[in-house]
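Engineer:
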Amino acid sequence: MPTVPSILGFGAIAIDDIVYVDQPLSAGKGKVLQSARAFGGNVATALAAVARLGGTAGFVGWLGSAADDAVLCDLVASGVETAFAPRHPHARPVRSRITVGSDGERFIAYDDDAMLGTAPDFPDEVLGRATVLIVDSYAIRSLDVVARARDLGLAILGDVEWSGGPATERLIALCDHLILPLGFARTATGCQSPAEMLDALWLPSRSAVVLTDGGRGVYYRGRDETGLWHLPPHRVAVVDSTGAGDCFHGAYAHALTRGADTAGGVAFAAAAAALSITGRGGREALPTDDQVTELLASTSAPSAVELKYAQLDTGT
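With the UniProt record's numbering, letter number 19 in the sequence shown gets 19, and the count goes up by one each step, no holes.
Right under this line is the structure:
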């Protein structure tokens with residue numbers, strides 16, 4: 001049996017049919033420039049990002065039982081361990097259709113009538129050997145496994161984008177590293193400013209709350225930080241923003257395994273995510289550790305500023 005990776009994850013795994021058009025999405029219509037099929041999914045792409053960065057990652061959600069299952073083979077090709085994933089003949093990926101505008105913005109239409117989460121009896125023996133567990137919104141189907149992982153001392157990194165009601169509230173409470181898109185954080189808290197959202201989502205049990213806001217940067221609060229912070233975005237040529245948030249989660253998890261504090265983890269993850277949007281598809285431009293290090297060392301790399309001094313234009 002292989003060694004248990006440092007970073008485990010379960011949640012969405014997807015096959016994406018992507019169409020690139022010559023106009024921004026706001027134009028309402030445009031000419032098709034290129035079509036492609038790619039593998040994606042929040043957690044699957046985050047784990048692929050970990051592997052690309054040189055970390056060890058394992059997918060432990062449901063996978064098909066066939067040896068030639070397409071998503072299984074893709075995970076293996078991406079450097080993600082699958083030996084510990086439960087198998088079921090009816091397991092299938094989420095299917096997504098993604099339209100990418102000329103400005104890199106995208107619209108995702110998906111069918112998630114699939115087996116998501118993981119086996120309810122997933123063994124503590126495996127969980128206890130890992131350091132970080134990455135979960136997404138679909139982890140509401142396996143809350144007991146998330147709770148056991150938290151009790152075993154794993155850092156629970158939550159990528160939550162939608163609410164399933166009280167189960168999602170419990171999931172959010174279990175995440176000690178809560179990384180949300182700012183739009184969902186606004187919906188979940190009813191707050192308008194990033195500072196108010198960070199405060200509303202904070203719990204004594206949290207290690208960090210991070211709000212990603214695309215081209216406006218990242219807002220965060222950490223147990224090892226004083227105050228609230230805003231990290232402006234890196235200025236890169238945007239080709240396709242698909243998978244940028246997933247790359248952020250994977251890179252942040254990788255930074256955690258190397259002992260990074262909140263500021264260091266956010267900086268590393270933001271640089272990785274910025275590089276990921278310079279190529280098409282969710283995984284084509286996933287960066288290496290050397291590429292992220294080089295971007296962070298560049299003279300154009302942004303520095304974090306205390307939130308009270310940041311420009312708080314969030315489009316509201």
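All residues carry an ideal CB built from backbone N, CA and C; glycine is no exception. No experiment lies behind these values; they were computed from the predicted model shown.
Contact between the stretch 62-72 and the stretch 262-271: three or more CB pairs below 8 Å?
Structural biologist: No, they do not touch.
Engineer: Measuring CB to CB, does S96 end up less than 8 Å from A149?
Structural biologist: No, they are not a contact pair.
Engineer: Taking all protein chains shown into account, decide if M1 is buried (16 or more other Cβ within 10 angstroms of its Cβ) or exposed.
Structural biologist: Exposed is the call here.
Engineer: Starting from S303, trace the beta strand (DSSP E) both ways and give me its first and last residue.
Structural biologist: Here S303 belongs to no beta strand (DSSP E), and DSSP marks it neither H nor E.
Engineer: Taking the alpha-carbon of E284 as reference, which of E294, T293, L295, A272 has the nearest alpha-carbon?
Structural biologist: Answer by Cα proximity: A272.
Engineer: Measure how close the beta-carbons of D240 and I179 come, nearest whole angstrom, since I'm counting them as under 8 Å.
Structural biologist: That belief does not hold up - the Cβ atoms of D240 and I179 are roughly 21 Å apart, past 8 Å.
Engineer: Roughly how many angstroms lie between the CA atoms of L174 and T168, to the nearest whole one?
Structural biologist: Each residue's Cα considered, the two are about 10 Å apart.
Engineer: So who's on the other strand from R106, going by DSSP bridges?
Structural biologist: Paired residue(s): V100.
Engineer: In the DSSP assignment, find the unbroken beta strand (DSSP E) run with G40 in it and report its ends.
Structural biologist: That run of the beta strand (DSSP E) goes 32-40.
Engineer: Which of helix, strand or coil does DSSP assign to T293?
Structural biologist: Helix, per DSSP.
Engineer: Confirm, please, whether the CB-CB distance from L63 to T82 is below 8 Å.
Structural biologist: Result yes, Cβ atoms of T82 and L63 sit closer than 8 Å.
Engineer: Where does H177 fall in DSSP's three states?
Structural biologist: It is a strand residue.
Engineer: Exposed or buried, which one is T187 when buried takes at least 16 other CB atoms within 10 Å?
Structural biologist: T187 is exposed by the Cβ-count criterion.
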